[in-house]
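Protein chains: 2
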Amino acid sequence: MSDSFLSEIELYYSDAIEGTKTIVLSREESHHLTKVMRHNTGDEIYVTDGKGNIYRTVIFDISKREVKTEIKQIYSYPDKFKNITFCLPRLKNAERFEAALEKSIELGITNFIVFESKRTVARGEKLNRWNKIALAAMKQSLRSWKPVVGYAENLHEISFNGEIIIFEQKGNDTLTEYLNNNYDSNKNYFFIFGPEGGFESSEIEAFENASLLKLTENRLRSETAVIAAAALLATLIR
Amino acid sequence: MSDSFLSEIELYYSDAIEGTKTIVLSREESHHLTKVMRHNTGDEIYVTDGKGNIYRTVIFDISKREVKTEIKQIYSYPDKFKNITFCLPRLKNAERFEAALEKSIELGITNFIVFESKRTVARGEKLNRWNKIALAAMKQSLRSWKPVVGYAENLHEISFNGEIIIFEQKGNDTLTEYLNNNYDSNKNYFFIFGPEGGFESSEIEAFENASLLKLTENRLRSETAVIAAAALLATLIR
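As you go down the protein sequences, you meet chains A and B in turn.
Mind the numbering: the first sequence is residues 1 to 238 in the numbering used here, read in order.
Mind the numbering: the second sequence is residues 1001 to 1238 in the numbering used here, read in order.
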């Protein structure tokens, strides 16, 4: 499937792929498909399973509760960033936080852990809402890997089995330099972004082997740093 | 002034630099300074003139209408992107449009033209609001060049005296390749971003010599493309 072709379609999601032939769409997806988009039996639609596959299908059954489609063709894609986890601070401003999540998914990031830090004002998880935003961003950007969003009450709860990168205005190297010189797609990477007002030193001093990196010479808002890092990864890593 | 130092300050703006010694702050800035931040005579504050200079100053006079400060030191910065203009489509969703503007300013872009396209739903200019957002983003990111935001009813009203780059999902090269191979800081560049739903072909077919570029293989929302392009410029151009 060429990219120019893919750019025109609308993408649905289903985790109910039955055998090798049939996909069942959820009530919510079915409603959108039939009531909003006014599709009928015989129409061609595209569905992803969130596991790297996009199916070209044809609708063969519409009922009140679900739509069934028949698989005609399968396109499979690798998850380029399966080894990368973005650790995002909860931000005071929900809109800014959600923009960071949405845009980094559009740019290809698939693994997230939301954490609370000492200077975080907003507290508690909203995993349902975050995963809904994540799924919508996946479909909007025609991606086929369902993002995974986790939650940690603080950074030290997370088990970091890989390289740790902390973004700090006082970092020495830039992310661009780091990616050009050190990036190894066989390693896991955890990208930790600071909250409004930055980290307290007690929060990050335990991470002795972490790389402190900056994105630009100028101060960036938290969510701008997240989106900028995703944009750099999306374009600098093949 | 080292960057680690700069990252801690709060920045004010004034266009009233009197002679070489005194800065007068506007009523609005003075109010914020004295009522919100509770500064007093003798306090050190930083002020930019929006023309590339940041002044370290000391407050010496506070009245109801204005605050006067004395210049102690001047730091000057070049405008790295004075040759680059971002042409942004008005978007249906004001929040998304304003995020694109704010974040690309944080990342260093200083010249903007907002245009209406055939598929634009929102119409008319909000230059006052946009310039207010621009000024706030400049101060937030501790930059010293006041962004300029203009407006055009359509793309053909703009006089493009330089290279034209149009972002299109169907573009051949990526922006990264283009910047690495072609960028010349002595030339002017106009970056044209598409609206929701893309351009109608009649809108861009007149630009015969334009370069059609893409940012990533996947479809991006308009505002995500703007922020991603700014992030790439900020980090790939020295």
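A virtual CB, placed ideally from N, CA and C, is assigned to each residue, including glycine.
None of these values were measured; they are calculated from a predicted model.
Can you tell me where the alpha helix (DSSP H) with residue i in it begins and where it stops?
i	result
A:Val-226	222-236
B:Ala-1206	Counting along the chain, B:Ala-1206 falls outside any alpha helix (DSSP H), and DSSP gives it neither H nor E.
B:Phe-1086	Per DSSP, B:Phe-1086 belongs to no alpha helix (DSSP H); it is in the beta strand (DSSP E), 1084-1089.
B:Ile-1105	1094-1106
B:Gln-1140	1127-1140
B:Thr-1176	1175-1182
A:Glu-29	27-31
Using a Cβ-Cβ distance under 9 Å, would residue i count as near chain A?
i	result
B:Ser-1076	no
B:Thr-1048	no
B:Ala-1231	yes
B:Arg-1221	yes
B:Leu-1213	no
B:Glu-1095	yes
B:Thr-1224	yes
B:Tyr-1013	no
According to the neighbour-count rule (16 or more other Cβ atoms, all chains shown, within 10 Å of its Cβ), is residue i buried or exposed?
i	result
B:Phe-1097	buried
B:Thr-1110	buried
B:Phe-1027	Here residue 1027 of chain B turns out to be Arg, not Phe, going by the sequence shown. Exposed: under 16 other Cβ atoms inside 10 Å.
B:Phe-1167	buried
A:Ser-185	exposed
A:Lys-103	buried
B:Met-1001	Unreliable positioning characterises B:Met-1001 in this predicted model, as indicated by a pLDDT of 38, which lies under 50. A coordinate reading is not provided.
A:Arg-143	buried
B:Ser-1014	buried
B:Val-1047	buried
A:Thr-34	buried
B:Pro-1195	buried
A:Gly-124	exposed
A:Leu-101	buried
B:Glu-1044	exposed
Shorter than 9 Å from the beta carbon of residue i to some beta carbon of chain B?
i	result
A:Gly-108	yes
A:Arg-119	no
A:Ala-228	yes
A:Leu-88	no
A:Asn-218	yes
A:Thr-235	yes
A:Ser-141	yes
A:Leu-101	no
A:Leu-175	yes
A:Thr-34	no
A:Thr-20	no
A:Asp-3	Any reading at A:Asp-3 needs caution, since the residue's pLDDT is 41, under 50, leaving its predicted position unreliable; the model's value is listed next. True, the Cβ-Cβ gap to chain B drops below 9 Å.
Can you tell me the Cβ-Cβ gap for residue i and residue j, rounded? I've got them flagged as a contact below 8 Å.
i	j	result
B:Leu-1215	B:Ala-1225	6 Å
A:Thr-235	B:Thr-1174	6 Å
B:Phe-1191	B:Asn-1154	So it is not a contact: roughly 17 Å between Cβ atoms.
A:Ile-105	A:Pro-147	5 Å
B:Ile-1237	B:Tyr-1183	6 Å
B:Asn-1180	B:Gly-1162	Contact doesn't hold; Cβ gap of about 19 Å is too wide.
A:Leu-213	A:Phe-81	That pair is no contact at about 17 Å.
A:Arg-219	A:Gln-169	6 Å
B:Glu-1203	B:Lys-1132	Incorrect: roughly 29 Å between the Cβ atoms, too far for contact.
B:Ala-1099	A:Ala-99	6 Å
B:Gly-1050	B:Trp-1145	7 Å
B:Gly-1052	B:Ile-1113	With 8 Å as the limit, B:Gly-1052 and B:Ile-1113 do not qualify as a contact, their Cβ atoms being about 21 Å apart.
Specify, as a first and last residue, the run of the beta strand (DSSP E) that residue i falls within.
i	result
A:Arg-56	53-62
B:Glu-1070	1067-1076
A:Ala-122	From DSSP, A:Ala-122 is part of no beta strand (DSSP E); its letter is neither H nor E.
A:Asn-111	111-115
B:Glu-1044	1044-1048
A:Leu-215	Note, A:Leu-215: premise wrong, no beta strand (DSSP E); not H, not E.
A:Ile-164	163-167
B:Gly-1150	1148-1152
B:Glu-1010	No beta strand (DSSP E) contains B:Glu-1010, which DSSP labels as neither H nor E.
A:Ile-158	No beta strand (DSSP E) contains A:Ile-158, which DSSP labels as neither H nor E.
A:Glu-18	16-18
B:Phe-1193	Looking at the DSSP string, B:Phe-1193 is not in any beta strand (DSSP E), and its letter there is neither H nor E.
Are any of the Cβ atoms in chain C nearer than 9 Å to that of residue i?
i	result
A:Tyr-151	Checking the listed chains, one finds no chain C in this structure; the protein chains it contains are A and B.
For the ligand MG, I want to know if residue i counts as a neighbour, meaning its beta carbon is within less than 8 Å of at least one of the ligand's heavy atoms.
i	result
A:Glu-196	As for the ligand MG, it is missing from this structure, which has no ligand bound.
Inter-stretch contact at 8 Å, needing at least 3 Cβ pairs: the region 1193-1212 of chain B / the region 1080-1098 of chain B: yes
Three-pair Cβ contact test at 8 Å for the region 46-65 of chain A versus the region 150-165 of chain A: Three or more beta-carbon pairs separated by less than 8 Å are not found between the region 46-65 of chain A and the region 150-165 of chain A, which leaves the two stretches without contact.
Inter-stretch contact at 8 Å, needing at least 3 Cβ pairs: the region 1064-1079 of chain B / the region 1014-1027 of chain B: Yes: at least three Cβ pairs fall under 8 Å.
Inter-stretch contact at 8 Å, needing at least 3 Cβ pairs: the region 137-150 of chain A / the region 1024-1040 of chain B: no
Contact between the region 50-57 of chain A and the region 70-84 of chain A (3+ Cβ pairs under 8 Å): yes
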